[in-house]
Amino acid sequence: MTPPADQPAVRLDHVSKAFGSRTVLDDVSFEIEKGKAFCLLGRSGTGKSVTLRHIVGLVQPDRGKVFVEGRDITPLRGRELADVRKHMGFLFQNSALFDSMSVGDNVAFPMRRHTDWPEQKIREQAQQKLAAVGLEKDYDKMPADLSGGMKKRAGLARAMALDPAILLVDEPSAGLDPITAGEIDELLLETKRGGTTLAVVTHNIPSARVIGDDFGVLHEGKLLARGSLEDLDASEEPLVQAFMRSQGGG
Amino acid sequence: MPLLTTVDRAGAGVLNFLEFTGAMASFGGRALVEAFRPPYEPGEIIRHIYSFGYRSAPLVGTAGLAIGVVLSMHTRASLERFGAEAMIPAGLAIAMIRETGPLTAALLVSGRVGAGIGAELGAMKVSEQIDALEANAVDAFKYLAVTRIIALMIVMPLLTILMDFAGIFGGYLAEVAVSGISAQMYFERAFTYISYSDLIPATVKTVVFGFLIAGAASYLGFTTSRGTEGVGEASTRSVVLGSMLVILGDVILVKLIFFFYPPVSG
Numbered sequence: 013m014t015p016p017a018d019q020p021a022v023r024l025d026h027v028s029k030a031f032g033s034r035t036v037l038d039d040v041s042f043e044i045e046k047g048k049a050f051c052l053l054g055r056s057g058t059g060k061s062v063t064l065r066h067i068v069g070l071v072q073p074d075r076g077k078v079f080v081e082g083r084d085i086t087p088l089r090g091r092e093l094a095d096v097r098k099h100m101g102f103l104f105q106n107s108a109l110f111d112s113m114s115v116g117d118n119v120a121f122p123m124r125r126h127t128d129w130p131e132q133k134i135r136e137q138a139q140q141k142l143a144a145v146g147l148e149k150d151y152d153k154m155p156a157d158l159s160g161g162m163k164k165r166a167g168l169a170r171a172m173a174l175d176p177a178i179l180l181v182d183e184p185s186a187g188l189d190p191i192t193a194g195e196i197d198e199l200l201l202e203t204k205r206g207g208t209t210l211a212v213v214t215h216n217i218p219s220a221r222v223i224g225d226d227f228g229v230l231h232e233g234k235l236l237a238r239g240s241l242e243d244l245d246a247s248e249e250p251l252v253q254a255f256m257r258s259q260g261g262g
Numbered sequence: 367m368p369l370l371t372t373v374d375r376a377g378a379g380v381l382n383f384l385e386f387t388g389a390m391a392s393f394g395g396r397a398l399v400e401a402f403r404p405p406y407e408p409g410e411i412i413r414h415i416y417s418f419g420y421r422s423a424p425l426v427g428t429a430g431l432a433i434g435v436v437l438s439m440h441t442r443a444s445l446e447r448f449g450a451e452a453m454i455p456a457g458l459a460i461a462m463i464r465e466t467g468p469l470t471a472a473l474l475v476s477g478r479v480g481a482g483i484g485a486e487l488g489a490m491k492v493s494e495q496i497d498a499l500e501a502n503a504v505d506a507f508k509y510l511a512v513t514r515i516i517a518l519m520i521v522m523p524l525l526t527i528l529m530d531f532a533g534i535f536g537g538y539l540a541e542v543a544v545s546g547i548s549a550q551m552y553f554e555r556a557f558t559y560i561s562y563s564d565l566i567p568a569t570v571k572t573v574v575f576g577f578l579i580a581g582a583a584s585y586l587g588f589t590t591s592r593g594t595e596g597v598g599e600a601s602t603r604s605v606v607l608g609s610m611l612v613i614l615g616d617v618i619l620v621k622l623i624f625f626f627y628p629p630v631s632g
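Line order of the protein sequences matches chains A and B. The opening position of the first sequence corresponds to residue 13 in the working numbering, with each subsequent residue numbered one higher. The opening position of the second sequence corresponds to residue 367 in the working numbering, with each subsequent residue numbered one higher.
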């Protein structure tokens, strides 16, 4: 499902979304180029996670369209949507590991569901993915036995299980110490170097500066600013300035 | 003004009730439709059959045994007055098979399995595991709800049969203690008056109980919100709603059974 050269990996076209009377996204549009990392910044509760959920089809927009690899996913349901999702990985803010399965089975889960690989190969691949995030010794552990940072890394291994073309990451460094957060950043960078498109939601500006190629700042559901690091650093918008100068992590 | 407020509240309550009932009915209807569409998730269904059935068997068997003993004592106390002690095994068997077994098994399963489904799915909902399944291109409704509903529909009749026979056996133990009746005579008397029309409809109706218990619990789990408090609430409400639906469903099903298999008099 490689997009045509002229198509962005992800495009939001005038997307609006409200939950009840509360508008969460208001006419938001942006594109993410293939192989680039887009960092969506903003204060808590401004609609960043909802934006990611639109991209993976967990939330449908009230107005506007969401394109993934050139295909409008807004009207898709069931198997058609599942086919699109097979090309994406999603690292949830709280990792969302399946707590009834071991860490290894969590990583193997997408392979068991979507490939016809023999069990031996699935186990090897899952082991390999875990090794890539430094959890090679934790295959048989249960998620409850992992620390926050380890859960995040296991979640990343699961999100990367099928080598997705697009990786969506929700607050990768939230609640982590600076060293673990740095390790996660390094893993994301490595993923990007492998050609994966990244959409990263974060509060952590230093982390975003490391990972991102392109940035957006959401405020009260609107895309307040959009551009490269230089563009945002030069912005005269007070909120964008405050954000870009902050050293806040997690 | 206060009257208007009361009317408003009552109206809102009725609307909420109708909305809740409609959403749950729609959830159940969708589960029935999805059950016949691939993928059928046999691995998950078998896993749930083990979890719901095999692991509920000790509870259901023990409860059946105890109910059989108690029923036997009550039946003896009643029938002794008419000198009809010989009818104790038959009376007990009919009571167990036609109503006590199916209903008690369903209520026990609602407590054990319904609460578990509500809590498990509720916890998965609030920890975003259901979203994670969807993001992994898996139909979470089918994978989590439909498989549990099918599994409980398969398990309920089996657990009911276990309860029926545990109850009849419990009655035998009580009768041996009181009258020293032989096993052959007890079971002969117990099963003489039992026909397929007693056993089959009463057992098959528990398939519907399984659907109601697992359907209600899955719905409440899938609609859980408000973190751990919501999970606890989903678990409790699963038991309450599941039990209520079983009792109300039983009224309708018994009426239907009597329509198709009229009681034989004389």
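Glycine included, every Cβ here is placed at the ideal spot set by N, Cα and C.
Along chain A, which residues have their Cβ under 7 Å away from the Cβ of Ser493 of chain B? For the purposes of this step, residue 493 of chain B is taken as the residue at position 127 of the second sequence. By Cβ distance, chain A contributes Asn106 and Ala108.
Closer than 9 Å between beta carbons: that is the criterion. Which residues of the segment 75 to 94 of chain A meet it against chain B? Gly90, Arg91, Leu93 and Ala94
For the candidate residues B:Thr441, B:Leu425 and B:Ala498, whose alpha-carbon lies nearest to that of Val475 of chain B? Here residue 475 of chain B refers to the residue found at position 109 of the second sequence. For the residues B:Thr441, B:Leu425 and B:Ala498, the minimum Cα distance to Val475 of chain B belongs to B:Leu425.
Can you give the Cα-Cα distance for Arg312 of chain A and Leu458 of chain B, rounded to whole angstroms? Here chain A has residues from 13 to 262 only, and residue 312 of chain A is not among them.
Run through chain B and tell me which residues come within less than 8 Å of Lys98 of chain A, C-beta to C-beta. Within the first sequence, numbered from 1, the residue matching residue 98 of chain A stands at position 86. Under the 8 Å cutoff, chain B gives Ala503.
Whole-angstrom C-beta distance between Met519 of chain B and Phe588 of chain B, which should lie under 8 Å: The residue you call residue 588 of chain B lines up with position 222 of the second sequence. The residue you call residue 519 of chain B lines up with position 153 of the second sequence. In fact, because the Cβ distance is near 18 Å, the residues do not count as touching under 8 Å.
In chain A, which residues lie with their C-beta within 7 Å of the C-beta of Glu500 of chain B? Here residue 500 of chain B corresponds to residue number 134 of the second sequence, with the count starting at 1. Simply Leu70.
Compare the C-beta of Pro184 of chain A against all C-beta atoms of chain B and say whether one is closer than 8 Å. Counting from one through the first sequence, the residue named residue 184 of chain A turns up at place 172. Output row for Pro184 of chain A: interface = no.
Using a C-beta cutoff of 8 Å, does Asp374 of chain B count as contacting chain A? Counting from 1 along the second sequence, the entry for residue 374 of chain B is found at position 8. Not an interface residue.
List, from N- to C-terminal side, the alpha helix (DSSP H) runs of 4 residues or more that fit wholly inside the segment 484 to 556 of chain B. 495 to 501 and 513 to 545
Three-state secondary structure (DSSP) of Arg55 of chain A: For the purposes of this step, residue 55 of chain A is taken as the residue at position 43 of the first sequence. Arg55 of chain A: coil per DSSP, three-state reduction.
Glu45 of chain A in three-state terms, based on DSSP: For the purposes of this step, residue 45 of chain A is taken as the residue at position 33 of the first sequence. Coil, per DSSP.
Do we get a CB-CB distance below 8 Å when we pair Arg165 of chain A with the residues of chain B? Here residue 165 of chain A corresponds to residue number 153 of the first sequence, with the count starting at 1. Arg165 of chain A does not count as touching chain B.
Between Leu607 of chain B and the rest of its own chain, which residues show a CB-CB distance below 6 Å, the 5 nearest in sequence each way excluded? Taking the first residue of the second sequence as 1, we reach residue 607 of chain B at position 241. Excluding sequence neighbours, Leu607 of chain B sits near Ala582.
Contact residues within the segment 116 to 146 of chain A, judged by C-beta distance below 7 Å to chain B: Phe121, Pro122, Arg125 and His126
Just to confirm before moving on: does the CB-CB distance between Leu431 of chain B and Phe535 of chain B stay below 8 Å? Within the second sequence, the letter at position 65 stands for residue 431 of chain B. Within the second sequence, the letter at position 169 stands for residue 535 of chain B. Result yes, Cβ atoms of Leu431 of chain B and Phe535 of chain B sit closer than 8 Å.
Nearest to Arg464 of chain B by CA position, among B:Ala401, B:Ala471, B:Leu539 and B:Leu565, is which residue? Translated into the one-based positions of the second sequence, residue 464 of chain B becomes position 98. Checked all of B:Ala401, B:Ala471, B:Leu539 and B:Leu565; the closest Cα to Arg464 of chain B is B:Leu565.
Determine the DSSP secondary structure at Ser114 of chain A, reduced to helix, strand or coil. The sequence position of residue 114 of chain A within the first sequence is 102, counting from 1. Of the three classes helix, strand and coil, the one that applies to Ser114 of chain A here is coil, per DSSP.
Quick check on Phe102 of chain A: does DSSP put it in helix, strand or coil? For the purposes of this step, residue 102 of chain A is identified with residue 90 of the first sequence, where counting begins at 1. Here Phe102 of chain A sits in strand by DSSP.
Taking DSSP as the reference, what is the three-state secondary structure of Thr371 of chain B? Looking up residue 371 of chain B in the second sequence gives position 5. Of the three classes helix, strand and coil, the one that applies to Thr371 of chain B here is helix, per DSSP.
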